[in-house]
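Residue numbers (the working numbering), protein chains in the order written: chain V, 1 to 531; chain C, 1 to 337.
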């Protein structure tokens, strides 16, 4: 049945642009997959290598780290999930004073990495003493709870907003009160969203190094550093990294599955403004107070206190170099990560095994804590050195390893905004441009890029700030005497010089606010019926 | 414009066939309507003709030129076809005139602009030339999409459920505009729809599809009057079906006999009667269960010997509780089971 008449086809009219375009994309996707996956694979591979002088210290460190991380997840993570879910329910479906303001202010704590919050609270004194001591295990749990609830809040709010207004209205007409509807309709429908956000918060806790180290806790993240520096055992550090990586991938799987289900939980696609409950006066004020407490403890108070300390003790000349280094690293890292993210997003939209693989690799990189990826990058460079490809880890090579780590670690954070931009390109738009005679490059320049431009900018901004906030990988891989703001803050805090740590911490916090606000307004706009 | 021919075309996704042995012709300058439920493969046919996907088997020709065959696909951008989608697919960052001008880049800038404006004028949107897609109503967007598709003088125009997103009044109006423009341009068009009435109205030729196969290809009148199968008959309007045996060249139904030419005596057969081929008048043969307005007609539910049929009859008919039923031969068919 196959009818071939190749002689009648003008060779120039075949599909050269199409096959060239997708062949190039395939090659790039493969490269992106390797770049993202190599550090994680190296960690697992090396951890499995038998080690002659395995010690009981190693087993104890691994066990204590796992217990510490788990305990912080249960306490700090559990509280973050509860705070985020309740706050999302309140602003999405209840009417109370300040609701509109809280809707976006509740995401502000996301701007600060946990170590910045930890330094802010540790430095808080009144009349020479801390008003409420934030220290030790409970200090860390507190910092995680008030710093990470926005992950749950954002996911849960999106879930509440995408819920069919009809289902909630039906529940109301059946006589259910606000609380009833929350427990019986809202919460079950939003559970996948809450699970997804919760998994992200728990991943952050597992990955955190700065806050846990500051509070003197043994977690998997701090154990990696301890194994390496205190016990001088890179192999033990790699083994702990592997354990942490497996934990992170576990939570990543939960997040993906939950999000997948959330996509189907929408119900009606016809948006209407959601019915808002009028609370009784006492409940109304309680709701306002609850949201205010979260915003104040997570953002306003630490931000204000850091600003005060920075004004009193900041030394601008000390910060000039770290600031320049941070901007340089974050700028270069963001561009590389953006390119990687664009390739992954484009490959994923094209579908197929390679697209899925690149998405998975990028996701694994994002889930893996910075210290783990850095260990992996070091291991890969170790291989290269053994094989004689490179010499010692000089400044240039260290920077390369660091940029690679940033790219592998954060590419996934850029994929989603880019994908959102690309999703504005319906299949029809691309097909229309093609049948109107546009070549692959003309489509890229005239159609794809202009449409995706806002998402690319947003993506670059997010990546820039994520890298600016990064601490553990930078700590491991930075060239000698090459400090960033995060490293500087860490170094001061380690020396108990919390007053001096305030200025770099504040700069990180303020820079972190920018993408948070962009992200937040984007989510509000995403829902047509939202005011 | 040129004739578009598909011969023995097949296409599958991940091993699951979506098109099988498709042979169709859109005659030069005429509209071929592709009618079928979702999943019947009609949109896939458009994608193959547009060159957005390769064929797995068979071939597609524009006039004498082979454009698709296994392993050989002339790229969409080199085919010169126009595409109109249900969701308009306008370029969201370009105003209406720029959208229309996009396919005219072979022309000098001034001419390009003039041609785009002329096309917008033809679809009645000259005054909206600088409006962006999100500032246009659904109907306006679809007019821009039509102008954009026709402006580069394509060899064939492919319309994929172009009016599905619009309300009935706008739909009828836009159908007129579209048909007028297609005829004026003497455009060869493939028009995909799942709406039987729309298909009958727009088509010069009509192809009825189901599950990736062509059930019938014919002129619209012929498809309606001489359906090739039960499914083909059902595709063009409400029908009543009765399964019985052929006796003396006819199938006896509870409401009367349906001729069964060419079927063997005693063979099992489906008698199919279009709802509008039943005439009711006061009598006693069947019970009238209910009567409801149905557009220009009334829809009657009638019952005899336990069988319930639907009849589309003249509105405001005065009928008692029981009626006599006459089956009009022009709308009654028999098919072997």
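Built from N, CA and C at the ideal position, the CB exists for glycine as well.
Expected contact under 8 Å - CB spacing of residue 94 (chain V) and residue 279 (chain V) to nearest Å = 6 Å
inquiry  = Would residue 315 (chain C) and residue 282 (chain C) qualify as a contact pair, given that the criterion is a beta-carbon distance under 8 Å?
reply    = no
inquiry  = Taking its Cβ as the centre, do 16 or more other Cβ atoms sit within 10 Å of residue 515 (chain V), making it buried, or is it exposed?
reply    = buried
ask   = Do residue 236 (chain C) and residue 200 (chain C) have their CB atoms nearer than 8 Å?
value = yes
query = Which two residues bound the contiguous alpha helix (DSSP H) that contains residue 86 (chain C)?
reply = That residue, residue 86 (chain C), is in no alpha helix (DSSP H); it is neither H nor E in DSSP.
ask   = Measuring CA to CA, which of V:258, V:475, V:214 and V:326 is closest to residue 493 (chain V)?
value = V:214
message = So, with DSSP's three-state summary, where would you put residue 497 (chain V)?
response = coil
request  = Sort C:296, C:325 and C:307 by Cα distance to residue 284 (chain C) and report the nearest one.
outcome  = C:325
task = Establish whether the CB of residue 131 (chain C) and some CB of chain V are separated by less than 8 Å.
result = no
task = Just mark residue 138 (chain V) as buried or exposed, buried being the case when its beta carbon has 16 or more other beta carbons within 10 Å.
result = exposed
Simplified DSSP state of residue 37 (chain V), which is helix, strand or coil = helix
key: Beta-carbon contacts of residue 534 (chain V) that lie in its chain and below 7 Å, excluding the five residues immediately before and after   = Here chain V covers residues 1 to 531 and nothing more, so residue 534 (chain V) does not appear.
The region 438-452 of chain V touching the region 460-480 of chain V, judged by at least three CB pairs closer than 8 Å = no
ask   = Can you list, in chain order, the residues of the region 84-105 of chain C whose Cβ is nearer than 7 Å to any Cβ on chain V?
value = 85, 87, 89, 91, 92, 93, 102 and 103
task = Within the same chain, show all residues whose beta-carbon is closer than 8 Å to that of residue 319 (chain C), passing over the 5 residues directly before and after it, in chain order.
result = 280, 281, 282, 288, 291 and 300
request  = Using a Cβ-Cβ cut-off of 8 Å, state whether residue 434 (chain V) counts as contacting chain C.
outcome  = yes
For residue 101 (chain C) and residue 130 (chain C), the rounded distance between their alpha carbons = 12 Å
request  = Note down, in chain order, all residues in the region 441-455 of chain V with a beta-carbon under 9 Å from any beta-carbon belonging to chain C.
outcome  = 442, 443, 446, 447, 450, 451 and 453
ask   = Whose CA, out of C:212, C:272 and C:278, lies closest to the CA of residue 12 (chain C)?
value = C:212
query = Cα-Cα, which of C:6, C:77 and C:167 is closest to residue 139 (chain C)?
reply = C:167
task = With a floor of 3 residues, list each beta strand (DSSP E) that falls wholly inside the region 33-83 of chain C, ordered by position along the chain.
result = 57-62 and 65-69
task = Let me know if residue 99 (chain C) comes out buried or exposed under the rule of 16 or more other beta-carbons within 10 Å of its beta-carbon.
result = buried
ask   = In this structure, what does DSSP give as the bridge partners for residue 313 (chain C)?
value = C:298
message = Is there a Cβ of chain V sitting closer than 8 Å to that of residue 3 (chain C), yes or no?
response = no
ask   = Buried or exposed: which applies to residue 66 (chain C), given that a residue is buried once 16 or more other Cβ atoms fall within 10 Å of its Cβ?
value = buried
task = Could you check the C-alpha separation between residue 30 (chain C) and residue 114 (chain C) for me, to the nearest Å?
result = 28 Å
Partner residues on chain V for residue 26 (chain C), Cβ-Cβ distance less than 9 Å = Simply none; closest approach about 16 Å.
key: Where residue 172 (chain C) falls, given that 16 or more other Cβ within 10 Å makes a residue buried   = exposed
ask   = Of the residues that make up the region 36-51 of chain C, which ones have a beta carbon closer than 8 Å to any beta carbon in chain V?
value = 47, 50 and 51
ask   = Quick one: what does DSSP say residue 321 (chain C) is sitting in, helix, strand or coil?
value = coil
query = For the beta strand (DSSP E) that contains residue 430 (chain V), what are its first and last residues?
reply = Segment 427-435 is the alpha helix (DSSP H) holding residue 430 (chain V); no beta strand (DSSP E) there.
message = Here's the rule: buried if 16 or more other CB atoms are within 10 angstroms of the residue's CB, otherwise exposed. What is residue 496 (chain V)?
response = exposed
ask   = Is residue 187 (chain C) close to chain V, meaning its C-beta is less than 8 Å from at least one C-beta of that chain?
value = no
inquiry  = If you follow the alpha helix (DSSP H) that residue 105 (chain V) is in, where does it begin and where does it stop?
reply    = 99-105
inquiry  = Can you confirm whether residue 497 (chain V), when its beta carbon is compared against all beta carbons of chain C, has any partner nearer than 8 Å?
reply    = no
request  = May I ask you to list the residues that DSSP assigns as paired with residue 282 (chain C)?
outcome  = C:323
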